[in-house]
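Numbering (full-length UniProt numbering), first residue to last: 1 to 249.
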């Protein structure tokens with residue numbers, strides 16, 4: 001396995017990454033909340049890109065994986081800064097961005113920040129605005145009060161230890177919402193969503209499809225696929241979606 005490289009950002013964070021040189025467009029994988037670049041989907045896509053001789057980048061946001069910082073110190077805006085830093089420093093030319101869960105939100109923020117760089121996008125169980133529409137909207141009065149008094153709340157997860165959700169994450173999330181104003185995606189986009197996903201609903205996927213504006217958007221609902229979306233058939237669907245947005249599907 002190739003050694004991990006590190007990027008020092010202007011914000012003083014140290015981001016772990018793996019980059020494969022190759023032809024463009026470069027495929028960039030953006031992982032989910034509390035996930036890392038060693039996940040099944042990221043590693044699968046890297047091997048696929050390497051076999052094609054195509055450029056590929058995967059990295060860990062700060063507070064994730066091998067990167068510096070604590071998860072509880074981070075927020076959507078920090079990870080958006082990390083994404084821009086990694087893409088700017090480590091890639092050139094057109095990109096195909098693949099975002100999973102929170103990485104789907106990050107992909108949409110990246111499209112808003114630098115649309116001229118993006119040639120295509122694939123999201124997997126995209127979770128835009130989840131800090132507001134998921135967490136805050138479902139918090140009890142006691143939980144909302146705890147954000148002020150304690151500074152955080154703990155939420156159970158189906159996939160790992162509880163999530164610690166901080167007041168800063170909620171407040172920062174409000175500065176990065178993408179479903180309240182026009183969301184232009186002027187390139188091919190494929191949204192992938194499992195119907196058995198307990199973390200992101202099909203309603204969220206349909207809302208994103210209806211809200212975004214673009215010339216070539218499709219939503220694929222996969223019956224009985226869960227939030228991981230990483231078994232063999234789902235990995236094939238991701239691969240085919242990447243090919244599709246590159247015009248090779």
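Idealized CB from N, CA, C, for every residue including glycine.
Residue 54 vs residue 89 beta-carbon contact at 7 Å = To locate residue 54, count along the chain shown from 1; it is residue 54. To locate residue 89, count along the chain shown from 1; it is residue 89. Contact flag unset, no.
request  = Tell me where the beta strand (DSSP E) around residue 99 begins and ends.
outcome  = As a working mapping, residue 99 is identified with position 99 in the chain shown. Note, residue 99: beta strand (DSSP E), 95 to 100.
request  = Count the other CB atoms, across all protein chains shown, that sit within 10 Å of the CB of residue 233; report buried if there are 16 or more and exposed otherwise.
outcome  = The residue given as residue 233 occupies position 233 in the chain shown. Label assigned to residue 233: exposed.
ask   = Going along the chain, which unbroken runs of the alpha helix (DSSP H) with 4 or more residues stay wholly within the UniProt domain "AB hydrolase-1" (47 to 201)?
value = 76 to 90, 102 to 113, 141 to 149 and 167 to 173
request  = Please report how far the alpha carbon of residue 154 lies from the alpha carbon of residue 36, in whole angstroms.
outcome  = One-based indexing of the chain shown puts residue 154 at position 154. One-based indexing of the chain shown puts residue 36 at position 36. C-alpha separation (whole angstroms): 20 Å.
query = When the Cα atoms are used, what is the spatial distance from residue 185 to residue 244?
reply = Along the chain shown, one-based indexing puts residue 185 at 185. Along the chain shown, one-based indexing puts residue 244 at 244. In a straight line, the C-alpha of residue 185 is about 16 Å away from that of residue 244.
query = Can you give the Cα-Cα distance for residue 38 and residue 65, rounded to whole angstroms?
reply = Residue mapping note: residue 38 aligns to position 38 of the chain shown, counting from 1. Residue mapping note: residue 65 aligns to position 65 of the chain shown, counting from 1. In a straight line, the C-alpha of residue 38 is about 8 Å away from that of residue 65.
query = What is the C-beta distance between residue 140 and residue 31, in whole angstroms, given that I count them as a contact (C-beta under 8 Å)?
reply = For this step, residue 140 is matched to residue 140 along the chain shown. For this step, residue 31 is matched to residue 31 along the chain shown. So it is not a contact: roughly 29 Å between Cβ atoms.
request  = List the whole-angstrom C-beta distance separating residue 168 from residue 132, where the pair is believed to meet the contact cut-off of C-beta under 8 Å.
outcome  = Position 168 of the chain shown holds residue 168. Position 132 of the chain shown holds residue 132. Rounded, the Cβ-Cβ distance is 14 Å, inconsistent with contact.
ask   = With a Cβ-Cβ cutoff of 7 Å, do residue 13 and residue 92 count as a contact?
value = Within the chain shown, residue 13 is the residue found at index 13, counting from 1. Within the chain shown, residue 92 is the residue found at index 92, counting from 1. It is not a contact, given that the beta carbons lie outside the stated cut-off.
ask   = Contact check, residue 119 vs residue 71 under 8 Å by CB: the rounded distance?
value = Locating residue 119 in the chain shown gives position 119, counting from the first residue. Locating residue 71 in the chain shown gives position 71, counting from the first residue. Wrong, their Cβ atoms sit about 31 Å apart, outside the cutoff.
ask   = What's the C-alpha gap between residue 290 and residue 242?
value = The question about residue 290 has no answer here: the residues shown for the chain are numbered 1 through 249.
request  = Could you have a look at residue 244 and say whether DSSP puts it in helix, strand or coil?
outcome  = Translated into the one-based positions of the chain shown, residue 244 becomes position 244. Reduced to three states, the DSSP call for residue 244 is helix.
key: Reference residue 216; option with closest CA among 75, 235, 246 and 200   = Residue mapping note: residue 216 aligns to position 216 of the chain shown, counting from 1. Among 75, 235, 246 and 200, the Cα nearest to that of residue 216 belongs to 246.
query = Which class does residue 19 belong to by DSSP, given the choice of helix, strand or coil?
reply = If you number the chain shown from 1, residue 19 lands on position 19. The answer is strand: DSSP assigns residue 19 an E or B state.
task = Within 10 angstroms of the Cβ of residue 218, are there 16 or more other Cβ atoms? Answer buried if so, exposed if not.
result = Within the chain shown, the letter at position 218 stands for residue 218. When all chains shown are included, residue 218 counts as exposed.
request  = Tell me whether the beta-carbon of residue 137 lies closer than 7 Å to the beta-carbon of residue 104.
outcome  = Working through the chain shown from its first residue, we reach residue 137 at position 137. Working through the chain shown from its first residue, we reach residue 104 at position 104. Not in contact: residue 137 and residue 104 (Cβ atoms no closer than 7 Å).
key: For residue 8, the residue or residues it bridges with in DSSP   = For the purposes of this step, residue 8 is taken as the residue at position 8 of the chain shown. For residue 8, which the question treats as bridged, DSSP gives the partners 14.
query = Whose C-alpha, out of 122, 114, 77 and 87, is nearest the C-alpha of residue 129?
reply = Along the chain shown, one-based indexing puts residue 129 at 129. Checked all of 122, 114, 77 and 87; the closest Cα to residue 129 is 77.
key: Closest Cα partner of residue 34 within the set 231, 124, 162 and 56   = By one-based count along the chain shown, residue 34 stands at place 34. For the residues 231, 124, 162 and 56, the minimum Cα distance to residue 34 belongs to 162.
message = Contact defined as beta carbons within less than 8 Å: I believe residue 109 pairs with residue 97. What is the distance between those atoms, to the nearest angstrom?
response = The residue given as residue 109 occupies position 109 in the chain shown. The residue given as residue 97 occupies position 97 in the chain shown. Wrong, their Cβ atoms sit about 10 Å apart, outside the cutoff.
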